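Chains as they are written, first to last, in numbering that gives the first Met the number 0: chain S, 0 to 271; chain P, 0 to 269.
No residue lacks a Cβ here, since even glycine has one placed at the ideal position from N, Cα and C.
This structure is a prediction, so every number in the text was calculated from the model and none was measured.
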Amino acid sequence: MATVDNVRVLTPRSRGRMSDVWRFRDLYRTLVARDLAVKYHSSVLGFVWTLLNPLLMLAVLTAVFTHVIRVPIEHYWAFLLSGYFVWNCAQQCLSSATYVLHQHASLRRSASFPSEILLLSAATAKHFEFAIEIGITLVALVIFHHKGVPGSLLVLPVLFALQFFLVVGLMSPIAVLSVLFRDVQHALPLVILALFYVSPVFYSTDLVPESIRGLYMLNPFAGLLSLYHAVLFEGRFPSAGLLGWVAIFALSSYGVGYAIFRRFKSLCVEVA
Amino acid sequence: MLPLVECRNVGKEFRYPAQATSLREWFIRTVRRRPVRRLAPTFRLSAFDLTVGRGSTVALIGANGSGKSTVLRLIAGIYIPSEGEIRTRGRIAAVVELGMGLHPELTGSENIHLYGTILGMSRSETRARFSEIVDFAGIGDFIHVPLKYYSSGMLSRLAFSIAMATDPDILLLDEALAVGDQAFRERCNERIAERLNGGAAVILVSHDLDVVRRHASEVIWLEAGRIRMRGEANEVVDAYLASVSGAEPVADPDATSSAPGPQREYLAGA
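What follows is the structure, encoded as C-alpha cells:
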C-alpha cells in the first residue's frame with residue numbers, strides 16, 4: 000500500500016503553499032528543458048538562431064549608430080554589446096508573459112500544480128540563453144576591448160540575479176492581466192518599443208540631459224543597463240547608490256508582482 | 000481509517016463574463032442609456048458533501064452540465080472552492096481533460112517526462128517507469144513521434160497510462176474521455192481494480208449506468224449543481240432513469256448510453 004502522507008486542504012482562501020514550488024522543482028526543470036527544446040524543434044539551424052538573431056541586430060545597430068547617426072561613444076560596438084543582450088532577454092521575457100498562461104491553459108485544467116512555475120520556467124529558459132550570450136560577450140570584451148580581465152566582472156552574478164527578479168516581478172502582473180484582458184497583448188509591444196527608446200540600449204545614460212536624469216532613472220531598465228555598462232563596458236565597479244536603487248526596485252517588484260499573481264492565479268485557471 | 004477524500008459543504012461559483020465588453024460597446028450603451036450587462040449566466044455548485052474511503056468507488060451521474068466535472072476538478076485541486084473545505088490524502092491523478100494537456104509538438108517520450116513530473120513524480124521515478132508506460136499504452140515505436148501525428152485513441156491511451164503510472168491513491172476519472180480500444184480498456188480495468196485492492200479510491204463520472212451499478216458503492220446524482228439524490232447504486236440509478244425517461248421522449252444522451260449490453264467494466268466495452 001502506498002504511503003499516504005501528503006494531506007491537502009483546500010478552502011476558498013487557499014493560495015497554494017510557497018513550498019509547492021519547491022515540491023514541483025522537477026517539473027520546473029523539465030519545463031525549462033522543454034522550452035529550450037521546443038523553440039528550435041524543427042529548425043535546421045536550431046540553437047544557432049539564438050545567437051544569429053541578436054548578432055544580426057547588433058551589426059545593424061552598430062552600423063547605423065557609428066556611420067549614420069553618430070553616437071559619441073568610443074568603441075561603440077563594445078558599448079552596444081554590453082547592454083543589448085540584457086535588453087533583448089528582458090523584452091522577450093515580458094512578451095512571453097502575455098501568452099504563457101494561455102499556452103498552458105489545457106495543462107492547467109487537467110492537473111493541479113503551482114502556475115508560477117510556468118512563469119519561472121519561461122523566464123529561466125530565456126535567461127539560460129542570455130547566459131550563453133553574455134558568456135560570448137565576455138570573451139569578446141576581454142580579448143578585444145579590455146585586453147585583460149577587469150575585476151568588476153565579479154559583480155556580474157549580482158546583476159544577473161537582480162535582472163531575474165526584476166523581470167519575473169514585472170512578468171507576474173502582465174501574465175494575470177493578459178488572461179483577464181486581451182488588450183494587454185496589443186498594448187505590450189507598444190510599451191516595449193517605447194521602453195527601448197527611453198532605456199540606454201543604443202546610447203549611454205551620460206547623454207541624457209542632466210535636468211531630467213532623475214526622472215529618467217525611474218525607469219528600472221535605465222538603472223539595470225547602466226550597471227551592466229559600468230561593469231562590462233567600462234570595467235569599473237558600479238556606484239553603491241545605483242546598485243542599491245536597482246536592488247530595491249527589483250526585489251520590491253518581485254514581491255509585489257508575486258503577491259498579485261498568487262491572488263489571481265486561481266481565477267486565471269477558470270478564465271483562460 | 001481516515002478517508003482519502005472529504006468534501007464538506009463545498010460550493011463553487013463561476014461567473015462567465017458576458018461577451019467581453021469593449022469600450023466602444025460600453026460607450027454606445029451608455030449613450031443609449033441601456034446599461035451594460037455585467038455578468039452572463041452563472042453556474043453554481045452548492046452544498047456538496049462527500050466522503051470516500053479506501054478501496055471504494057463513488058460515481059457521479061447527471062445530465063451534461065450538472066457539475067460532475069467541476070466536482071472532479073475541485074477534488075483534483077485544479078479549481079479552488081468558493082466555500083467549504085476539501086481534504087484529500089495521497090497522490091491524485093485526474094483524467095478530466097481531453098488529451099490532458101499533453102504537448103502536440105513533443106514526442107511521446109518527451110511528453111511522458113513532462114507529464115510525469117506534472118503529476119508529481121520525480122524525474123528518476125518517471126525514468127524508472129518509462130518502459131512500463133510505453134508498454135501499457137501499447138504505442139510502440141510511435142513513442143518517438145510528435146503527438147500531433149497520433150490518433151485520438153493513441154493520445155488518450157498515452158495520457159491514461161501516464162496517469163496510472165503515478166500509482167494514484169485517488170483516481171478521478173471521466174469516462175467520456177477514455178476512448179481506447181477494447182484490449183486497452185481491459186488492461187485499464189485490471190489496473191484500476193488492482194489500485195482499489197491496494198487501498199486507493201476512485202471517483203468516477205460515467206454515463207454508462209451499467210458500469211455505475213456494477214462498481215459504485217455510492218452514487219451521487221447531480222442536477223444543476225445540487226445533489227438531487229445519493230445512496231446505494233441501484234436505487235439512485237433507477238430513480239435517475241425514471242426521471243430521465245419520464246421527462247422527455249427525446250431524452251438526453253445520458254440515458255441512451257445505458258443501453259443494456261454485455262458485461263461492462265469501468266470503461267464501457269470490456
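So, with DSSP's three-state summary, where would you put residue i?
i	result
P53(S)	helix
D48(P)	strand
V70(S)	coil
P113(S)	coil
G83(P)	strand
K11(P)	strand
F236(S)	coil
P156(S)	helix
R43(P)	strand
V148(S)	coil
F201(S)	coil
G256(S)	helix
G66(P)	coil
P219(S)	helix
S120(S)	helix
Just to confirm the assignment, what range does the beta strand (DSSP E) spanning residue i have?
i	result
V43(S)	Here V43(S) belongs to no beta strand (DSSP E), and DSSP marks it neither H nor E.
L9(S)	6 to 9
A92(P)	91 to 94
Name the two residues that bound the continuous alpha helix (DSSP H) containing residue i.
i	result
V99(P)	For the sequence presented, residue 99(P) should be read as Met rather than Val. Careful: M99(P) lies outside any alpha helix (DSSP H) and carries neither H nor E.
G76(P)	G76(P) -> no alpha helix (DSSP H), and no H or E assigned at all.
E109(P)	107 to 117
Y83(S)	75 to 102
M17(S)	17 to 22
H185(S)	182 to 196
M163(P)	151 to 164
H228(S)	Note, H228(S): premise wrong, no alpha helix (DSSP H); not H, not E.
T125(P)	122 to 136
E189(P)	181 to 196
D207(P)	D207(P) -> no alpha helix (DSSP H), and no H or E assigned at all.
By the 10 Å Cβ neighbour count, where 16 or more other Cβ atoms means buried, how is residue i classified, buried or exposed?
i	result
D237(P)	exposed
F284(S)	With chain S covering 0 to 271 only, the question about residue 284(S) has no answer from this structure.
I91(P)	buried
P172(S)	buried
E24(P)	exposed
S257(P)	Any reading at S257(P) needs caution, since the residue's pLDDT is 44, under 50, leaving its predicted position unreliable; the model's value is listed next. With 16 or more other Cβ atoms within 10 Å, it is buried.
N52(S)	exposed
P71(S)	exposed
G230(P)	exposed
H126(S)	buried
A239(S)	exposed
A160(S)	exposed
E174(P)	buried
P199(S)	buried
N5(S)	exposed
F26(P)	exposed
Q181(P)	exposed
V190(S)	exposed
I74(P)	buried
Where DSSP assigns a beta bridge to residue i, which residues make up the other side?
i	result
I202(P)	V57(P), L171(P)
G224(P)	None; G224(P) has no bridge partner.
I173(S)	The partner list for I173(S) (beta bridge, DSSP) is empty, contrary to what the question assumes.
I219(P)	L59(P), R229(P)
E5(P)	T50(P), R86(P)
P145(P)	T106(P)
Would you mind stating whether residue i and residue j have Cβ atoms separated by less than 7 Å?
i	j	result
V218(P)	A62(P)	no
R128(P)	A164(P)	yes
L71(P)	L170(P)	no
I131(S)	F84(S)	no
S252(S)	L192(S)	no
A124(S)	V31(S)	yes
R7(S)	T87(P)	yes
T29(S)	L101(P)	no
T49(S)	E128(S)	yes
E82(P)	G10(P)	yes
M170(S)	L118(S)	yes
G82(S)	H145(S)	no
P219(S)	A229(S)	no
M99(P)	A192(P)	no
A136(P)	R156(P)	yes
V175(S)	F263(S)	yes
Y27(S)	S120(S)	yes
V144(P)	T56(P)	no
L231(S)	V245(S)	no
V270(S)	V183(S)	no
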